[in-house]
Every structure is written in structure tokens, then in C-alpha cells.
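Novice: Residue numbers (full-length UniProt numbering): 1 to 257. Yeah, the Cβ is synthetic: ideal placement off N, Cα and C, and Gly gets one too. My questions will all concern the structure given below.
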């Protein structure tokens, strides 16, 4: 049995309806997929992210293993995302239950980035999806031709939010477009958050050492019983800028300003 090129394309196979007919969106997804498969290209932006983080820690007089270092990384990530049109503040998942598919799609379509606190200690990592999108944004800032010259502040609306659209999931294909692009378990490239998280923490060439130390320290802390207790307490008594979602279990939402 022979398949056309389109029938073999996992991005197109994951789509249906309106998005399957949206060729500009498909082209943007294809470019992101190709970029994340290119480890050398990804490393360039990991180095850039590392340099920006290093500068911030130096200004604050912090070492990568100190408590405030993770906060500086989160702030940096949030600023990069906000510039690209994402909602301010990351949603936090807490607890062992994964989000229901419809809840996840709703949050993505609303422009929220997820901070996977429940996966802090795992190979997936807590901030890996946010870092993937930062790498995409930084690449576009360096070379506007990467994503067909779309303005930085339109990345969320024109790409990210569409990954939460109902047509980004095809019932006849086991993976949705989000899975194909940035949640591809088992791949040995940056489409897999597990691979990217370990790639950052290993950094054998020492080309992004500060980022490596912050992420590695965060992951190791996440494996302690003390950390698990803190997460549970956070859910029971949310921090000042967060509140429990009324309908979605084990989810903290940033409060509206």
C-alpha cells in the first residue's frame, strides 16, 4: 500500500477540519518540528538562555544552587513568553493525576503556559515545555525568517493557542499536534521534554553550565519527601499570587491583576 507525502506527515495526520486546511499553520509547525530535531541549532538558543540567566544571577549576587536562582529562571522564562503573547503567570499542576485532555486543550487555547510542578522530580521536568517555547521564541528573535517573519508578539496566537484548538486532535490518529511537536516521548531530540531535560542536565560540553546547574538542582530537590509535602501544602494554601481553579482538580491559576 502506497501513501502520499501528506498521508505520511505526522503533523497533518494529527489535524482535522479547519486546521488541516490551514497551510500557513502547518508550515509553521513543520519549521518548529525541524528546528527542535536539530540539536546544534537548539544548543545555540540554550547558550543564549544560559547567558541571559547568568547575567541575572550575577546582578542579584546569586549562585546557581542558591534558593533564588530558580525564581530568576522562572522570571526570565515568563518575560520571554509574555513578549510572545502568552498570558502572564504560569499555571501550576500539582498532584499525581494528569490533566484531562479537554482541560489541557482549553488552557493551551487560552494562552497559558503550564509549569509542571507535579513532574519536577521526573525526567520530564517542571519547566521543560516552557523552555521549549523559549527556544522557539529566541530562535525567531535571532532570525525572523525562521517562522515566516511573523512578529514575536503573535507567536502565541498564531501557533501555541491553535495547539489547543479542537481540530489539533484527530480521532483517527493516536497523537495530537502538541504531541507531535513538543511532547514526543522516546525521540532523541528536543521534541521530547524528557530528552531535552536530560540534555540540559548532562551538558557534557559545558556550553550552558548555569542553566544546567539550576535545572539539575531543581530536579534533585523535587525528589525529596520535603518537596512533595511542600507541593501538597501549596495546593491546600495557595501562594499570594495563585488560586485554585474552580473546576479543574489539582491546578493553581495565577490571579488576575
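Got a sec? Which residues, its chain only, sit under 6 Å from residue 252 by beta carbon, not counting five neighbours each side?
Specialist: Against the chain shown, residue 252 aligns to sequence position 252. These residues qualify, in order along the chain: 92, 238, 242.
Novice: Within 10 angstroms of the Cβ of residue 2, are there 16 or more other Cβ atoms? Answer buried if so, exposed if not.
Specialist: Sequence index remark: in the chain shown, residue 2 carries index 2 (1-based). Confidence in residue 2 is poor, its pLDDT being 36 and thus under 50, which makes the residue's placement unreliable; the coordinate value appears in the next sentence. Classification for residue 2: exposed.
Novice: Run through DSSP, which three-state label would residue 139 get?
Specialist: As a working mapping, residue 139 is identified with position 139 in the chain shown. DSSP places residue 139 in helix when its eight states are reduced to three.
Novice: Whether or not the segment 198–207 and the segment 133–151 are in contact is what I'm after, with contact meaning three or more pairs of Cβ atoms, one per stretch, closer than 8 Å; do they touch?
Specialist: Flag = no, the segment 133–151 and the segment 198–207 do not touch.
Novice: Give me the DSSP bridge partner(s) of residue 91.
Specialist: Here the question's residue 91 lines up with position 91 in the chain shown. Residue 91 is bridged to 114.
Novice: So, under 8 Å CB-CB, residue 45 and residue 57 are touching, yes? Tell me the CB distance rounded to an integer number of Å.
Specialist: In the chain shown, residue 45 corresponds to position 45, counting from 1. In the chain shown, residue 57 corresponds to position 57, counting from 1. Between residue 57 and residue 45 the Cβ distance is about 19 Å, and since that is not below 8 Å, they are no contact.
Novice: Hey, quick one: how far does the alpha helix (DSSP H) through residue 46 stretch, first residue to last?
Specialist: Numbered from 1 along the chain shown, position 46 holds the residue referred to as residue 46. Counting along the chain, the alpha helix (DSSP H) containing residue 46 begins and ends at 39–60.
Novice: Inspect the beta-carbon positions of residue 77 and residue 127 and report whether they are closer than 8 Å.
Specialist: Taking the chain shown and counting its residues from 1, one reaches residue 77 at position 77. Taking the chain shown and counting its residues from 1, one reaches residue 127 at position 127. Yes, they are a contact pair.
Novice: Nearest by alpha-carbon distance to residue 101: which of 163, 81, 74 is it?
Specialist: For the purposes of this step, residue 101 is identified with residue 101 of the chain shown, where counting begins at 1. Nearest option by C-alpha distance: 163.
Novice: From the DSSP output, in three-state form, read off residue 63 for me.
Specialist: What you label residue 63 is simply residue 63 of the chain shown in a count that begins at 1. Correct three-state label for residue 63: coil.
Novice: Could you tell me which residues DSSP puts in a beta bridge with residue 254?
Specialist: Position 254 of the chain shown, counted from the start, is the residue given in the question as residue 254. Bridge partners of residue 254: 242.
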